[in-house]
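Only one structure is covered here, and it is reproduced in the block below.
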Amino acid sequence: MSLTLWQQCLTRLQDELPATEFSMWIRPLQAELSDNILALYAPNRFVLDWVRDKYINNINALLNEFCGANVPQLRFEVGAKPASAQTVTTVPAVEKIPAATVAAQPVVTNDNRRPSWDSVPAPVDVAYRSNVNNRHNFDNFVEGKSNQLARAAARQVADNPGGAYNPLFLYGGTGLGKTHLLHAVGNGIMAHKPNAKVVYMHSERFVQDMVKALQNNAIEEFKRYYRSVDALLIDDIQFFANKERSQEEFFHTFNALLEGNQQIILTSDRYPKEINGVEDRLKSRFGWGLTVAIEPPELETRVAILMKKADENNIRLPGEVAFFIAKRLRSNVRELEGALNRVIANANFTGRAITIDFVREALRDLLALQEKLVTIDNIQKTVAEYY
48 MSLTLWQQCL TRLQDELPAT EFSMWIRPLQ AELSDNILAL YAPNRFVLDW
98 VRDKYINNIN ALLNEFCGAN VPQLRFEVGA KPASAQTVTT VPAVEKIPAA
148 TVAAQPVVTN DNRRPSWDSV PAPVDVAYRS NVNNRHNFDN FVEGKSNQLA
198 RAAARQVADN PGGAYNPLFL YGGTGLGKTH LLHAVGNGIM AHKPNAKVVY
248 MHSERFVQDM VKALQNNAIE EFKRYYRSVD ALLIDDIQFF ANKERSQEEF
298 FHTFNALLEG NQQIILTSDR YPKEINGVED RLKSRFGWGL TVAIEPPELE
348 TRVAILMKKA DENNIRLPGE VAFFIAKRLR SNVRELEGAL NRVIANANFT
398 GRAITIDFVR EALRDLLALQ EKLVTIDNIQ KTVAEYY
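Per our numbering, numbering of the sequence shown is gapless, rising by one per residue and ending at 434.
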């Protein structure tokens with residue numbers, strides 16, 4: 048009965064919720080019905096709290112609809128349901144969507160596989176270069192509607208590496224926070240497991256390391272290095288395009304890491320299937336876990352980013368000045384931070400107070416360019432709508 052009831056709930060929730068939310072929060076849940084108590088098991092405390100806060104009303108409404116007067120009591124727990132009740136629950140596959148793909152089922156270990164993501168030490172002769180920047184963490188990542196799901200997914204991976212969201216694929220334009228989240232995950236994992244082998248790199252570094260290994264006849268050492276990490280975080284995976292040997296090696300590295308429940312996080316400037324020059328078998332694997340888009344920040348988030356950055360620099364930024372800048376610079380976080388750095392530098396050099404008039408002067412070329420771009424965009428949009 049528990050399987051049938053929860054399957055009914057899953058089917059309806061899949062229809063009612065955005066596919067991104069269903070994949071991230073509902074699909075990982077396991078259910079068990081016993082003594083008229085429906086226990087829902089979440090993979091970690093973060094998922095449990097989120098589901099209980101955001102979706103308990105949806106679930107209770109469905110239970111009332113399906114069960115009538117005999118509604119089971121709902122209970123949430125962290126972990127997996129008891130072994131005696133283990134049954135695979137299936138739901139219809141989610142179609143391709145622009146912001147997320149369906150999360151893969153958690154990998155089940157057996158005697159021939161790595162029992163947990165951090166249980167097997169790496170070879171003692173391997174010296175790891177983490178490259179994780181400790182200045183980027185979840186606390187100083189400004190959250191908004193545009194990046195909320197990406198941050199939540201990254202936080203889950205940091206708390207539960209090698210779990211349901213493996214691989215995690217983040218995509219979006221330049222300067223939107225993808226790299227910040229990669230470093231935040233790396234720092235989060237190492238905070239829980241100080242001895243974890245976490246490696247961050249740009250995709251071009253992987254290519255360079257492979258070329259060097261081939262030149263030095265050290266390809267086996269190269270393989271051992273990358274396949275024995277606990278978490279591999281690769282930025283801008285689109286630069287693998289048309290590099291066939293690198294793609295071949297990464298394909299096998301990817302499979303080895305996934306087989307060992309070692310975490311993989313990738314970023315790109317576009318949706319996996321839209322990356323030209325990358326083999327289909329790789330693009331397919333990129334979507335095996337969870338794929339989440341990061342959009343350009345909305346006005347409120349842009350203001351919050353400016354205020355946070357100013358506070359980190361011990362600069363008092365008036366709210367009206369932050370709104371003035373945020374309304375005129377809309378493209379990405381990097382542009383916002385660059386503009387603020389210029390304002391701060393000018394204020395320090397001249398000793399003047401930061402006002403709207405001062406910002407107009409300090410950013411006059413940037414604001415003029417932005418107004419020109421907005422005008423062109425408006426013309427193109429108007430013409431497109433007319434025809």
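Yeah, the Cβ is synthetic: ideal placement off N, Cα and C, and Gly gets one too.
Helix, strand or coil at residue i according to DSSP, with G and I counted as helix
| i | result |
| --- | --- |
| residue 106 | helix |
| residue 346 | helix |
| residue 251 | helix |
| residue 76 | coil |
| residue 341 | coil |
| residue 203 | helix |
| residue 437 | In the structure as shown, the chain begins at 48 and stops at 434. Residue 437 is therefore absent and cannot be evaluated. |
| residue 49 | Because residue 49 carries a pLDDT of 47, less than 50, the predicted location of this residue cannot be relied on, and no value is offered for it. |
| residue 483 | Since the first and last residues shown for the chain are 48 and 434, residue 483 lies out of range. |
| residue 376 | coil |
| residue 66 | helix |
| residue 409 | helix |
| residue 182 | coil |
| residue 188 | coil |
| residue 210 | coil |
| residue 12 | Residue 12 falls outside the range modelled here, since the chain spans only 48 to 434, and no answer is possible. |
| residue 61 | helix |
| residue 223 | coil |
| residue 401 | coil |
| residue 303 | helix |
| residue 327 | helix |
| residue 18 | In the structure displayed, the chain extends from 48 to 434; residue 18 sits before or after that span and is not available. |
| residue 320 | helix |
| residue 273 | helix |
| residue 387 | helix |
| residue 364 | coil |
| residue 381 | helix |
| residue 171 | The pLDDT assigned to residue 171 is 42, lower than 50, so where the model puts this residue is not dependable, and the model offers no usable value. |
| residue 240 | coil |
Identified DSSP bridge partners for residue i
| i | result |
| --- | --- |
| residue 262 | Answer by DSSP bridge pairing: none, since residue 262 is not bridged. |
| residue 81 | 84 |
| residue 120 | 84 |
| residue 218 | 315 and 340 |
| residue 282 | 249 |
| residue 310 | 278 |
Nearest-angstrom Cβ-Cβ length linking residue i and residue j, presumed shorter than 8 Å
| i | j | result |
| --- | --- | --- |
| residue 277 | residue 243 | 5 Å |
| residue 69 | residue 60 | 6 Å |
| residue 368 | residue 325 | Residue 368 to residue 325, Cβ: 43 Å. No contact. |
| residue 349 | residue 383 | 6 Å |
| residue 179 | residue 233 | 4 Å |
| residue 238 | residue 201 | Contact flag wrong, Cβ pair sits at about 14 Å. |
| residue 203 | residue 91 | 7 Å |
| residue 362 | residue 391 | 6 Å |
| residue 375 | residue 414 | 6 Å |
| residue 110 | residue 95 | About 18 Å; that fails the 8 Å criterion. |
| residue 323 | residue 351 | Contact doesn't hold; Cβ gap of about 35 Å is too wide. |
| residue 294 | residue 329 | 6 Å |
Member of the options whose CA lies at the smallest distance from the CA of residue i
| i | options | result |
| --- | --- | --- |
| residue 309 | 195, 205 and 100 | 205 |
| residue 442 | 225, 199, 118 and 180 | With the chain covering 48 to 434 only, the question about residue 442 has no answer from this structure. |
| residue 66 | 373, 196 and 201 | 196 |
| residue 346 | 334, 366, 362 and 361 | 366 |
| residue 177 | 414, 54 and 279 | 279 |
| residue 373 | 387, 327 and 110 | 387 |
| residue 71 | 93, 85 and 78 | 93 |
| residue 417 | 327, 378, 186 and 390 | 378 |
| residue 319 | 336, 122, 184 and 307 | 336 |
| residue 269 | 361, 210 and 175 | 175 |
| residue 448 | 294, 311 and 271 | Residue 448 cannot be examined here, being either before or after the span of the chain that is shown, 48 to 434. |
| residue 297 | 181, 256 and 385 | 256 |
| residue 272 | 301, 322 and 291 | 301 |
| residue 246 | 111, 119 and 181 | 181 |
| residue 209 | 198, 305 and 185 | 305 |
| residue 259 | 240, 274 and 292 | 292 |
| residue 227 | 261, 190, 184 and 194 | 184 |
| residue 127 | 76, 321 and 113 | 76 |
| residue 371 | 393, 398 and 408 | 408 |
| residue 102 | 188, 64, 316 and 212 | 64 |
| residue 56 | 314, 82 and 87 | 87 |
| residue 199 | 113, 106, 97 and 399 | 97 |
| residue 112 | 399, 52 and 241 | 52 |
| residue 74 | 54, 85 and 84 | 54 |
Residue-chain proximity (residue i, chain B), Cβ-Cβ < 8 Å
| i | result |
| --- | --- |
| residue 75 | The structure shown has no chain B; it contains just one protein chain. |
Legend entry - Inter-stretch contact at 8 Å, needing at least 3 Cβ pairs: the region 211-227 / the region 338-345: The region 211-227 is in contact with the region 338-345.
Legend entry - contact_flag[the region 265-284, the region 350-366] where n(CB pairs < 8 Å) is 3 or more: Proximity of the region 265-284 to the region 350-366 falls short of the contact definition, fewer than three beta-carbon pairs being nearer than 8 Å.
Inset, instruction - Assess, as a yes-or-no matter, whether the region 269-285 is touched by the region 246-255 under the definition of 3 or more beta carbon pairs within less than 8 Å. - result: Yes: at least three Cβ pairs fall under 8 Å.
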